[in-house]
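Notes to accompany the following structure.
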Amino acid sequence: MRLHTMTVTAFGPFARTENVDFDQLFSAGVFLLKGVTGAGKTSVLDAVCFALYGSVPGHRPTTRLRSDHAPDTLRTRVELQFSVSSRRFKIARTPVQNYRSTRAKDGTATAQATAQLHERITRPDGSTGWEPVSAHVQEASTQITTLLGLTKEQFCQVVLLPQGDFAKFLHASAGDRRALLSHLFTTHRFQDLQTWLATQRNTLRNDLQQAQATIDRLGGRIEQAAGPQLSEATPPPSAPNGTNLLPWAHDLLTRASAAHDTARAAEASTDQAHKAAKAALAAADDLAGRQQRHSEAVTRRTTLDQNRAHNQQLRTRLEHAHSAEHLRPLLAAVRAGASQLTAAQETESERRRLLDTAHTNATTPELEQAHQELHTTLGRLEALRPREERHTKLAHQLATLEEKENLAQEELDDAQNWLDSWPESRATATDRITALRSAAERVPQLAKEENALAQQLEMAETRDALATELEKATKAADKRDVQARAAQKTWLDLREQRLNGMAAELARDLQDGQPCTVCGSPEHPRPAQPSAQQPTRADEEKAAQAYEKAQKLQEAADQARTDLATRHAQAMGAAGSEPVTQLRTRLEQAHTVHTTVQHEAAELVEAQQNLEDLQAEHDRQDQQRTRAQQQVTESQSRAATLRQEQQQIIRELDGARADAPTLEHRITALTEDRDRVADVIEHARRTTAAATRYTDATATAHDSAAKAGFPTLEEATDALQPAPTIQQWQMELDQWDKDGAAVADLLTTPELVDASQLPPADPAAAQAAVTAAETAVKAATKSTYEAHTRATELRSLTGELAPAVETLERLRADHALADRLAEVANGRSTANTLSMELEAYVLASRLKEIAAAANTRLLNMTSERFLLVYSQDKDPGKGRAKAGLSLRILDNWTGLERETSTLSGGETFTTSLALALGLADIVTGEAGGRPLGVLFVDEGFGSLDEQSLTDVMDVLDQLRAGDRAVGVVSHVGDLSDRIPTQLHIRKERNGSTVQPVLADA
């Protein structure tokens, strides 16, 4: 791979378009990227990486690649030409970036990232050109990765040796070095294999455990299904392993089948005995029922005879209840009056308990006097409500005044602080206006020049367009001239032919006896005869019209050619002969300069407006300070007046409130006292009325009770019964009469009389016999069902056991193989004599190759003093399977090995560079062996002494001899003398620029 040219626009520190010709720089073999700190040396390498892969080294985002110095009209873009083998490519990329847009709501739109990959091809006609390969961002990156054979990370490791990353790989721990090497050499497939083996082993172990669990579960289910009797007769194997369970299961199945046959025979015998017991129970139940009915009839007759006296008394009470029924409303009125009087007295007592002690036992007149006094006091307190409201309003006003005073004080402080900074702000704005005014003076002249070029370009475009139209008009005029001449010739030929045949035309109008218009003779012996092609007047007139039309078209075409020739001459005089493309280029350049200066001039207007705004702000702040001071004074004065009034009101209200917190609380309390007194007065009046009603109702009830035969109201009340009770008594008496008749009928029934003369029946004994028979049937049925279920379940479980045993044996063999392979791959098997994981073993091999490749250059760079030595030492705390990725330094002067961290700064850089170059060689070979014709080394040379620098440069020269160009990125002064071919990165206020310095310049 070789780089040829690169163009960067508005990228990083580069504000405009900068071109880098790598072919010129690489022609010397080694070139220097030189510039002060922050100029953009590393940004050149970032641009190369971005062009190829769409991102920059590391993990920086691509959204910050745009130059902050670039004008808004210029888009960020990087174009790189490179070749791989004999194929040449061109990649152009733009990152995600914002630009001004009148269509966007906020005036800013976002352009997405783009990529255009082309390949230079030779066409069949021998010409060359660029053929599109891809226009998709991700696809272009994938294509380039395939062409180079390197991912972005590998490219940055072997081509762009990044700033500050030299020593990272050298001093990395074994774990970090493992991660980097695994990523560069994509050895994750070996780790994936380890993981797969471990996963497969675990999966098989789980399957094996599940299979063994299935066997154990089936054995337990078989033992459970067999039951205690069969299990005791045929116990399971003491150490079940799958195969020895099958004979035991078959033996249990045979015994269970025999037990099922025996149970079925016992079930048939018990069923016959149960049927006989049920028939005997039915006969005993019938006899017992008839005997029971006769016995119950005798008992009921005895009971009826015993209740005869009670029923007679019940008839008497029923008669008294009927007599007292008409007194029910009067007795109810007496009870209601008593209840109302009691309720009124209780309510009055409850209301009196709510009064204070002085009025609890007061008479009604005394309560009325107290009520009047409370009403008078409340009227006096109500008159003070406006004063309390005024007190509350004063508190709010004082709080508002305090808040206004605080706000005014803050405004006063802010205004004073701003006015203190005014002199400095004014001086800064004035200096900026002076600096921008000179730029604004150039705008008219540049605008005039741009307008002149625009007019010249417009006239040049008109000139070229008119030249084309003039050429077309000339051809059209010539064509019209030919057409007009042809039409004239046609017309003249027809005219001549007509004149030649005029005699025949005149003879056609001759009539006998009429004189000839030519000779005057009335006789016409031989009139002329027309020829076959004789034209007529109409033919001649038609040809004449065609000629006239063609002549007019010719004149119009001539006039158009003349007009275009005049306009073309005028445009030529105004535009000159300069080509349009050249004028357009000059106009674009003039427009760019004019736009740049115009933007600067626009800042002058903004600066002047800023000064005016500052002056206006100064006036506003000064006015604000005056207003704020006045507001503070007014607030303080007003607050003093309001506080004086507030104290006066407080003194007035303190006496009226008494012990209450507020006047409202005092009024509320007195109002409640007044209402309670009024309530007691009302209930006392109700109690008096209830007593009068009760006395009247009692007298009326006494008179009516005496007339009904009741000496007292208590006797009448006792005789009075509820209507349901009266109805119930009547029903009881009627039922007693009916029961007597029914019992007499039962005691004369023949079948009941016969049953009573037989010995007592014994249904319990018959039921016990049936129950015993049912128990025997259930036991036999249960035994048969259990035997059937046991035999069926054992047959099913024995069928499941055979394939389960076969699966267990297969899984045992598979797990043993997977476990052995996983242990070897993970470095924990005794067969792995190195005790290294598979991936660690592969990475250790790669690290040995890297160390060997690095030592080839390290010996030359250190005068054969240092060698990198591969070590199997492990990091502290890591297992043996993680060992084997350490590097140490062998000092040939002492013959001792030591840690790489003991190297000095210059030795570290030299060793890291050799290691990086060795790593680049091995990664390149791993990626397919594609030759890399370029290498960039970023910084680190400042730590080298003169001799070490010479040794390092010799190694870099050897790279050049191997047809690899080297770009050194550094600002070390000594390198400027050693490397004459340079690319200067100049940092300027408006953005960095690049300038090549060639060795022969």
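Mapped onto this note's numbering, the consecutive letters of the sequence shown carry residue numbers 8 to 1008.
From the three backbone atoms N, C-alpha and C, an ideal C-beta is built for every residue, glycine too.
Alpha-carbon spacing of residue i relative to residue j, whole angstroms
i            : j           : result
residue 81   : residue 17  : 7 Å
residue 309  : residue 338 : 42 Å
residue 291  : residue 767 : 10 Å
residue 10   : residue 161 : 17 Å
residue 885  : residue 804 : Bear in mind that the predicted position of residue 885 carries a pLDDT of just 48, short of 50, making it unreliable; the figure below should be weighed with that in mind. Distance between the alpha carbons of residue 885 and residue 804 is about 51 Å.
residue 111  : residue 117 : 9 Å
residue 675  : residue 708 : 50 Å
residue 241  : residue 258 : 8 Å
residue 871  : residue 862 : 9 Å
residue 620  : residue 84  : 39 Å
residue 851  : residue 962 : 26 Å
residue 879  : residue 894 : 8 Å
residue 860  : residue 44  : 33 Å
residue 844  : residue 831 : 8 Å
residue 1019 : residue 245 : Residue numbering for the chain in the displayed model covers 8 to 1008; residue 1019 lies beyond these limits and cannot be assessed.
residue 33   : residue 40  : 12 Å
residue 847  : residue 892 : 7 Å
residue 726  : residue 383 : 59 Å
residue 476  : residue 469 : 10 Å
residue 849  : residue 175 : 21 Å
residue 265  : residue 813 : 29 Å
residue 921  : residue 155 : 23 Å
residue 332  : residue 325 : 11 Å
Residue i classed as buried or exposed, judged by whether at least 16 other C-beta atoms fall within 10 angstroms
i           : result
residue 792 : exposed
residue 999 : buried
residue 534 : exposed
residue 428 : exposed
residue 255 : buried
residue 833 : buried
residue 203 : exposed
residue 650 : exposed
residue 225 : buried
residue 798 : buried
residue 489 : exposed
residue 738 : exposed
residue 760 : exposed
residue 317 : exposed
residue 151 : buried
Nearest candidate by alpha-carbon position, reference residue i, set the options
i           : options               : result
residue 315 : 407, 747 and 385      : 747
residue 541 : 572, 506 and 429      : 506
residue 108 : 79, 121 and 130       : 79
residue 251 : 809, 830 and 450      : 809
residue 678 : 212, 378 and 358      : 378
residue 769 : 992, 296 and 136      : 296
residue 283 : 781, 928 and 147      : 781
residue 62  : 159, 567, 96 and 27   : 159
residue 550 : 499, 757, 613 and 983 : 499
residue 957 : 976, 981 and 630      : 981
residue 238 : 813, 349 and 261      : 261
residue 562 : 486, 629 and 576      : 486
residue 277 : 972, 997, 932 and 789 : 789
residue 102 : 818, 115, 71 and 456  : 71
residue 12  : 21, 19, 97 and 73     : 97
Whole-Å CB distance - residue i paired with residue j, under 8 Å assumed
i           : j           : result
residue 443 : residue 618 : Contact flag wrong, Cβ pair sits at about 11 Å.
residue 646 : residue 401 : Their Cβ separation, rounded to whole angstroms, is 10 Å, which puts residue 646 and residue 401 out of contact at 8 Å.
residue 177 : residue 907 : 5 Å
Chain D within 8 Å of residue i, Cβ atoms only
i           : result
residue 117 : Annotation note: the requested chain D is absent from the structure, which comprises a single protein chain.
Within the segment 551-621, note down every full alpha helix (DSSP H) run reaching 4 residues or more, in order along the chain.
-> none
What are the uninterrupted segments assigned as alpha helix (DSSP H) that are 4 or more residues long and contained completely in the segment 24-90, given in chain order?
-> 29-33 and 48-60
4 or more residues per run - each alpha helix (DSSP H) lying fully within the segment 331-395 = 335-360 and 371-389
What runs of the beta strand (DSSP E), each 3 residues or longer, lie entirely inside the segment 95-159?
-> 104-107, 115-118, 121-129 and 135-141
Kindly provide the ranges of any alpha helix (DSSP H) runs that are 4 or more residues long and lie completely inside the segment 771-828, ordered along the chain.
-> none
Could you give the uninterrupted runs of the beta strand (DSSP E) lying entirely in the segment 855-931, keeping only those of 3 residues or more?
-> 873-878, 893-898 and 903-906
Runs of alpha helix (DSSP H) lying entirely within the segment 683-765, each at least 4 residues, in chain order | 720-726, 730-753 and 757-763
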